[in-house]
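Colleague:
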Amino acid sequence: MLSRIAEALFWIGRYVERAEDTCRIVEVHLHQGLDDPTLDANGAARDLLLLMGQRAVEQPDVLHQFCYDERSPISFLNALGSARESARRARETVSTEVWESINTTWLAVRGGRLQRMRPASMFKVIRERCAVIAGLADNTMSHDEGWLFLTLGRSIERLDMTSRLLSTPSLAGNSPRAWDHVLSGCGAHHAFVQRYGALASERDAAEFLILDRLFPRSLIYTLGTATQALTQLGPSNLRIRPDDPAARLLGAARASLEYLPPDEIQVDLPAEMAKLQVVCSQATKSISARYFEGSAAAEWVGGLW
Amino acid sequence: MSVLFDGYPRGQAAYDEMIGPDGVRAELASVAAELDDLGIEEVRARAEYLRSVYIDQGVTFDIGGEERPFPLDIVPRVMQAAEFAHIEEGSRQRVRAMEAFLSDIYSEGRCFAEGVVPRHVVATSPHFHRVMAGITMPNGVRVHVAGIDLIRGDDGVYRVLEDNVRCPSGVSYVMTNRRAINSALPEVAGKHRIQPVEDYPSQLLKALRAAAPSGVADPTVVVLTPGVYNSAYFEHALLARMMGVELVEGRDLVAHGGHVSLRTTRGLRPVHVIYRRIDDDFLDPAVFRADSLLGCAGLLNAARAGNVTLANAVGNGVADDKLVYTYMPDLIRFYLGEDPILASVDTWRLEEKEAREEVLDRLDELVVKPVDGSGGKGIVIGPRANAETLEKLRRQILRDARGWIAQPVVQLSTVPTMIDGQLKPRHVDLRPFVVNAGAEGMYVLPGGLTRVALPEGELIVNSSQGGGSKDTWVLTETRPTVNVRRPAEARPPSVPLSEQIVDRVIRHQHEQQQQSQAAVAAQGGERSC
Chain A
1 MLSRIAEALF WIGRYVERAE DTCRIVEVHL HQGLDDPTLD ANGAARDLLL LMGQRAVEQP
61 DVLHQFCYDE RSPISFLNAL GSARESARRA RETVSTEVWE SINTTWLAVR GGRLQRMRPA
121 SMFKVIRERC AVIAGLADNT MSHDEGWLFL TLGRSIERLD MTSRLLSTPS LAGNSPRAWD
181 HVLSGCGAHH AFVQRYGALA SERDAAEFLI LDRLFPRSLI YTLGTATQAL TQLGPSNLRI
241 RPDDPAARLL GAARASLEYL PPDEIQVDLP AEMAKLQVVC SQATKSISAR YFEGSAAAEW
301 VGGLW
Chain B
1 MSVLFDGYPR GQAAYDEMIG PDGVRAELAS VAAELDDLGI EEVRARAEYL RSVYIDQGVT
61 FDIGGEERPF PLDIVPRVMQ AAEFAHIEEG SRQRVRAMEA FLSDIYSEGR CFAEGVVPRH
121 VVATSPHFHR VMAGITMPNG VRVHVAGIDL IRGDDGVYRV LEDNVRCPSG VSYVMTNRRA
181 INSALPEVAG KHRIQPVEDY PSQLLKALRA AAPSGVADPT VVVLTPGVYN SAYFEHALLA
241 RMMGVELVEG RDLVAHGGHV SLRTTRGLRP VHVIYRRIDD DFLDPAVFRA DSLLGCAGLL
301 NAARAGNVTL ANAVGNGVAD DKLVYTYMPD LIRFYLGEDP ILASVDTWRL EEKEAREEVL
361 DRLDELVVKP VDGSGGKGIV IGPRANAETL EKLRRQILRD ARGWIAQPVV QLSTVPTMID
421 GQLKPRHVDL RPFVVNAGAE GMYVLPGGLT RVALPEGELI VNSSQGGGSK DTWVLTETRP
481 TVNVRRPAEA RPPSVPLSEQ IVDRVIRHQH EQQQQSQAAV AAQGGERSC
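Chains as they are written, first to last, in UniProt numbering: chain A, 1 to 305; chain B, 1 to 529.
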């Protein structure tokens with residue numbers, strides 16, 4: 001597969017997942033604000049910006065920066081636009097159905113159309129559109145190299161964003177309600193209650209979102225998906241250890257989460273999650289060095305013969 | 001006459017493909033009747049549907065870096081099989097003549113020696129590339145894909161307006177138009193036998209594979225695009241997808257040691273045939289424009305070494321130079337010993353003194369065109385130009401007579417077109433596509449791209465000038481045959497759908513309830529008797 005196309009697919013996966021997860025994060029933030037009237041709204045919004053790696057401003061406008069502003073690097077409008085641009089560049093590779101669903105999603109949200117929806121229905125629309133795109137990708141593309149890159153991108157983005165989402169309860173004093181919101185934000189509330197019952201603690205919630213092997217948005221599950229995709233992409237050394245740096249990074253992160261003593265799960269969770277975000281960015285670098293940089297911009301120095 | 005065509009002008013100066021002076025033309029009566037049955041409101045609604053599917057599917061054309069949906073009109077342009085057979089024969093003939101001409105000018109130059117074409121006409125063409133001299137193509141084909149632009153004058157005769165043998169575009173819209181019209185007008189399309197256009201990608205792939213360097217058993221074919229900002233990017237992506245080959249940009253290619261490879265996630269992979277959609281000048285910075293990053297340095301070297309085939313061949317532009325066009329009837333007679341099947345538009349060569357003088361006298365009644373222009377650029381339509389434009393043109397002609405030709409204003413034929421909810425006559429042209437696989441034959445796509453000029457009275461029909469298109473139907477008497485790729489399979493065994501047991505239990509309960517109710521009713525009935 002062409003390096004350039006592989007890269008485009010990787011980023012379609014990432015951007016679509018980013019749009020969905022950003023939407024989930026903002027929803028959680030808004031609900032937490034509603035739940036706790038004593039919360040300093042401005043302070044919480046600033047914390048959220050910091051969490052997304054942005055410089056905090058005096059009076060942040062969460063809806064504008066995270067949703068409506070196409071130029072804001074953390075808005076889901078921006079993520080959807082970038083996904084569409086990547087899909088356009090890989091148009092002969094993604095299936096027509098995937099292209100069409102990305103294209104119609106983009107057309108439905110651009111140019112002030114989001115502002116006309118009520119926030120609650122806006123979040124629902126975005127989440128569902130992203131689910132449609134992901135579902136079509138899984139069901140209409142061959143699960144070959146291209147799809148593996150898409151899956152890899154989606155998993156790495158999900159790890160990164162879920163880790164940020166898991167840091168938000170600490171901003172709201174780790175209250176049980178805060179954890180409830182994070183569970184809902186991950187679409188995990190139902191699955192969690194079924195597994196742990198209604199009396200579960202917030203530590204259980206953290207444990208579920210980090211370590212559950214069967215829930216598809218948990219960190220462990222997602223790390224597993226990413227590692228699997230990498231293994232299928234590049235045959236590696238099976239005798240001693242995988243020779244792919246990205247696989248090693250992800251594997252090490254997985255082991256350190258998996259073998260965390262139960263009592264330490266909530267100790268300094270934000271710091272632990274920040275480490276994971278660094279792993280995501282390092283893994284991305286080594287994936288692009290190995291697979292994508294073959295298509296580095298052409299350079300031609302010289303004149304006519 | 002129908003409601004739909006009420007108020008539609010008849011017997012106007014231009015030839016209308018559907019409505020003659022006495023109403024709907026007999027051979028198109030059924031199409032018009034079917035449309036009429038739908039009613040104007042419904043036809044408007046279907047037109048709106050067409051617009052929305054093209055936006056959703058991203059069927060676009062880039063103008064100045066902006067993506068715009070390519071307008072598709074709801075009323076198809078309809079041709080009879082015999083009418084198209086004539087166009088098909090004529091197009092094949094032109095391609096054969098152009099092949100012979102190109103092969104001749106890049107080798108012996110018989111046409112110069114015999115005085116058919118003056119040598120300087122070819123030598124001064126900006127598209128004549130000396131680097132191609134002496135190169136023979138693997139299967140002798142230089143024109144793998146040709147688009148012949150035809151117009152129909154007020155006498156109803158098809159004439160060739162120009163030939164395109166560099167990178168003719170538009171075929172993707174022929175395929176998407178057919179699909180869209182089939183879904184928008186199933187009643188109308190279903191009642192007619194329309195020759196299929198879906199064979200194009202497989203025919204193109206066949207021709208490209210046939211052009212591979214000799215000794216390559218399973219050639220790798222790619223489509224080379226300048227990138228997403230090119231006006232025809234949609235087409236490049238569609239062709240690559242439908243042929244199942246990679247769509248590459250220049251930076252995806254590496255030329256080394258006379259071979260060309262692709263940069264893939266698993267290292268370099270050799271390429272054998274490049275269907276390039278980049279103009280000659282941008283193809284190889286080592287030979288042509290050194291500042292271009294669109295192509296790949298060393299590409300031409302690999303082509304000269306015979307390790308990769310470029311389709312269409314470099315230097316083909318000489319054959320579609322508008323000055324060479326004026327020699328085409330002579331070239332057909334010279335190379336093929338046949339009379340031209342398709343008529344040409346009368347053309348003055350401005351480098352000839354007498355012609356020039358006549359044209360300069362009559363600038364305000366003629367169309368003057370630059371010989372190497374495309375996309376309608378630089379064309380001056382005399383009757384519509386102001387004095388200042390004509391004066392400027394006069395000076396340009398005197399400075400560079402080789403650069404211009406002149407033709408009488410041809411009233412292009414019209415077809416009913418939906419404009420603001422009403423059917424109005426709009427001018428159209430036609431571009432049939434010819435795919436040449438050499439010894440394996442030549443394929444002419446049934447119909448071709450009908451482009452329509454949307455502004456009233458506009459005579460320049462071009463997508464870069466904001467034109468639209470129409471689905472083009474070639475009706476056939478016999479049942480059209482479509483390439484069958486697989487043998488028909490045996491009929492699948494009939495197995496009922498499985499269902500959950502609980503469904504059966506519930507249904508059983510329902511039945512019981514109904515039965516007992518029915519029994520009660522029956523008893524009640526008996527009692528009342």
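For glycine and all other residues, C-beta sits at the position ideal for the given N, C-alpha and C.
Please state whether DSSP places D36(B) in a helix, a strand or coil.
Modeller: In the second sequence, the residue the question calls residue 36(B) occupies position 36. D36(B): helix per DSSP, three-state reduction.
Colleague: Among E338(B), R304(B) and G403(B), whose alpha-carbon lies nearest the alpha-carbon of E352(B)?
Modeller: One-based indexing of the second sequence puts residue 352(B) at position 352. The residue with the shortest Cα to Cα distance from E352(B) is G403(B).
Colleague: Does the count of Cβ pairs from the segment 83 to 91 of chain B and the segment 271 to 287 of chain B closer than 8 Å reach three?
Modeller: no
Colleague: Determine contact between the segment 54 to 63 of chain B and the segment 111 to 122 of chain B, defined as no fewer than three beta-carbon pairs at a distance below 8 Å.
Modeller: no
Colleague: Using DSSP with H/G/I as helix, E/B as strand and the rest coil, what is L183(A)?
Modeller: By one-based count along the first sequence, residue 183(A) stands at place 183. Reduced to three states, the DSSP call for L183(A) is helix.
Colleague: Does I5(A) get closer than 9 Å to chain B when you measure Cβ to Cβ?
Modeller: What you label residue 5(A) is simply residue 5 of the first sequence in a count that begins at 1. Chain B, which has a Cβ nearer than 9 Å to the Cβ of I5(A), makes this yes.
Colleague: Under a Cβ-count criterion, where at least 16 other Cβ atoms within 10 Å of its own Cβ denotes burial, should L148(A) be classed as buried or exposed?
Modeller: Numbered from its first residue, the first sequence carries residue 148(A) at position 148. Counting Cβ neighbours within 10 Å, L148(A) comes out buried, since at least 16 surround it.
Colleague: What's the call for G111(A), buried or exposed, on a 16-neighbour Cβ count within 10 Å?
Modeller: Start at 1 with the first residue of the first sequence, and residue 111(A) comes out as number 111. Exposed is the call here.
Colleague: Identify whether D346(B) lies in helix, strand or coil by the three-state DSSP scheme.
Modeller: For the purposes of this step, residue 346(B) is identified with residue 346 of the second sequence, where counting begins at 1. Note: D346(B) maps to coil in three-state DSSP.
Colleague: If distances are taken between C-alpha atoms only, which option among H256(B), T265(B) and M137(B) comes closest to A286(B)?
Modeller: Numbered from 1 along the second sequence, position 286 holds the residue referred to as residue 286(B). Residue H256(B) holds the alpha-carbon nearest to the alpha-carbon of A286(B) among H256(B), T265(B) and M137(B).
Colleague: Check the Cβ-Cβ distances between F292(A) and every residue of chain B, and say whether any is below 9 Å.
Modeller: In the first sequence, residue 292(A) corresponds to position 292, counting from 1. Yes, F292(A) lies at the interface with chain B (some Cβ there is under 9 Å from its Cβ).
Colleague: How about the segment 139 to 146 of chain A and the segment 112 to 123 of chain A: do they share at least three Cβ pairs that are nearer than 8 Å?
Modeller: no
Colleague: Does D503(B) come out as helix, strand or coil in the three-state DSSP assignment?
Modeller: Here residue 503(B) is taken as the residue at index 503 of the second sequence, counted from 1. Note: D503(B) maps to helix in three-state DSSP.
Colleague: Do you know how far the Cα of G251(A) is from the Cα of Y291(A)?
Modeller: As a working note, residue 291(A) is residue 291 in the first sequence. As a working note, residue 251(A) is residue 251 in the first sequence. Approximately 19 Å, taken between the alpha carbons.
Colleague: Closer than 7 Å between beta carbons: that is the criterion. Which residues of the segment 423 to 439 of chain B meet it against chain A?
Modeller: none
Colleague: Spell out whether any CB of chain B is found under 9 Å from the CB atom of L233(A).
Modeller: Here residue 233(A) corresponds to residue number 233 of the first sequence, with the count starting at 1. Yes, L233(A) counts as interfacial toward chain B.
Colleague: Does the distance from the C-beta atom of I274(B) to that of L350(B) stay below 9 Å?
Modeller: Locating residue 274(B) in the second sequence gives position 274, counting from the first residue. Locating residue 350(B) in the second sequence gives position 350, counting from the first residue. Not closer than 9 Å, so no.
Colleague: Counting along the chain, where does the beta strand (DSSP E) carrying M79(B) start and finish?
Modeller: By one-based count along the second sequence, residue 79(B) stands at place 79. Taken as a continuous stretch (DSSP letters only), the beta strand (DSSP E) holding M79(B) covers L72 to Q80.
Colleague: Just verifying my parser: in three-state terms, what is the DSSP assignment at S82(A)?
Modeller: On the first sequence, residue 82(A) is found 82 positions in, with the first residue counted as 1. Helix at S82(A).
Colleague: Can you tell me whether L214(A) is buried or exposed? The criterion is at least 16 other CB atoms within 10 Å of its CB, across all chains shown.
Modeller: Within the first sequence, numbered from 1, the residue matching residue 214(A) stands at position 214. The residue in question, L214(A), is exposed, as its Cβ has fewer than 16 Cβ neighbours within 10 Å.
Colleague: For I460(B), which residues does DSSP report across the bridge?
Modeller: Taking the first residue of the second sequence as position 1, residue 460(B) is located at position 460. Paired residues: none, contrary to the question.
Colleague: Between T417(B) and D73(B), what straight-line distance do the alpha-carbon atoms span, to the nearest angstrom?
Modeller: In the second sequence, residue 417(B) corresponds to position 417, counting from 1. In the second sequence, residue 73(B) corresponds to position 73, counting from 1. Their backbone Cα atoms lie some 6 Å apart in a straight line.
Colleague: Relative to the C-alpha of W179(A), which candidate in E202(A), G81(A) and L171(A) has its C-alpha closest?
Modeller: Along the first sequence, one-based indexing puts residue 179(A) at 179. Nearest option by C-alpha distance: E202(A).
Colleague: Out of E114(B), E34(B) and D104(B), which one is the CA nearest neighbour of V75(B)?
Modeller: Residue mapping note: residue 75(B) aligns to position 75 of the second sequence, counting from 1. The shortest C-alpha separation from V75(B) is found at E34(B).
Colleague: State the Cα-Cα distance for the pair L230(A) and R14(A), rounded to the nearest angstrom.
Modeller: Looking up residue 230(A) in the first sequence gives position 230. Looking up residue 14(A) in the first sequence gives position 14. Near 15 Å, if we compare the C-alpha coordinates of R14(A) and L230(A).
Colleague: Quick check on DSSP: helix, strand or coil for S3(A)?
Modeller: Mapped onto the first sequence, residue 3(A) falls at position 3. S3(A) falls in the helix class under three-state DSSP.
Colleague: Could you check where the beta strand (DSSP E) with M242(B) kicks off and where it finishes?
Modeller: One-based indexing of the second sequence puts residue 242(B) at position 242. Looking at the DSSP string, M242(B) is not in any beta strand (DSSP E); the run it does join, the alpha helix (DSSP H), is Y233 to M243.
Colleague: V452(B) bridges to which residues according to DSSP?
Modeller: One-based indexing of the second sequence puts residue 452(B) at position 452. V452(B) pairs with V428(B) and G468(B).
Colleague: Which partner residues does I381(B) have in the DSSP bridge list?
Modeller: Looking up residue 381(B) in the second sequence gives position 381. Answer by DSSP bridge pairing, in chain order: V367(B).
Colleague: Leaving out five residues before and five after V409(B) in sequence, what residues of the same chain have Cβ atoms less than 8 Å from its Cβ?
Modeller: Residue mapping note: residue 409(B) aligns to position 409 of the second sequence, counting from 1. Cβ neighbours of V409(B) beyond the five flanking positions: E365, L366, V367, I381, G382, P383 and L459.
Colleague: Report the three-state DSSP secondary structure of residue 530(B) (helix, strand or coil).
Modeller: Nothing can be reported for residue 530(B), as the shown portion of chain B is limited to 1 through 529.
Colleague: Quick one: which chain B residues come within Cβ less than 9 Å of M141(A)?
Modeller: By one-based count along the first sequence, residue 141(A) stands at place 141. What M141(A) touches in chain B: nothing, since even the nearest Cβ is about 12 Å away.
Colleague: M328(B) to L38(B), Cα distance in whole Å?
Modeller: Walking along the second sequence from the start, residue 328(B) turns up at place 328. Walking along the second sequence from the start, residue 38(B) turns up at place 38. Inter-residue distance for M328(B) and L38(B) is about 46 Å (C-alpha atoms, whole angstroms).
Colleague: Is R527(B) helix, strand or coil by DSSP?
Modeller: Mapped onto the second sequence, residue 527(B) falls at position 527. With a pLDDT of 46 at R527(B), under the threshold of 50, the modelled position of this residue cannot be trusted; read the value that follows with caution. In this structure, R527(B) counts as helix in the three-state DSSP scheme.
Colleague: What residue ranges within the segment 52 to 133 of chain B form continuous alpha helix (DSSP H) runs of no fewer than 4 residues, ordered along the chain?
Modeller: For the segment 52 to 133 of chain B, the continuous alpha helix (DSSP H) assignments of 4+ residues that do not extend past its boundaries occur at 81 to 105, 110 to 113 and 119 to 123, in sequence order.
Colleague: Answer yes or no: does any C-beta atom of chain A fall closer than 9 Å to that of L360(B)?
Modeller: As a first step, residue 360(B) must be located in the second sequence, where it is residue number 360. Not an interface residue.
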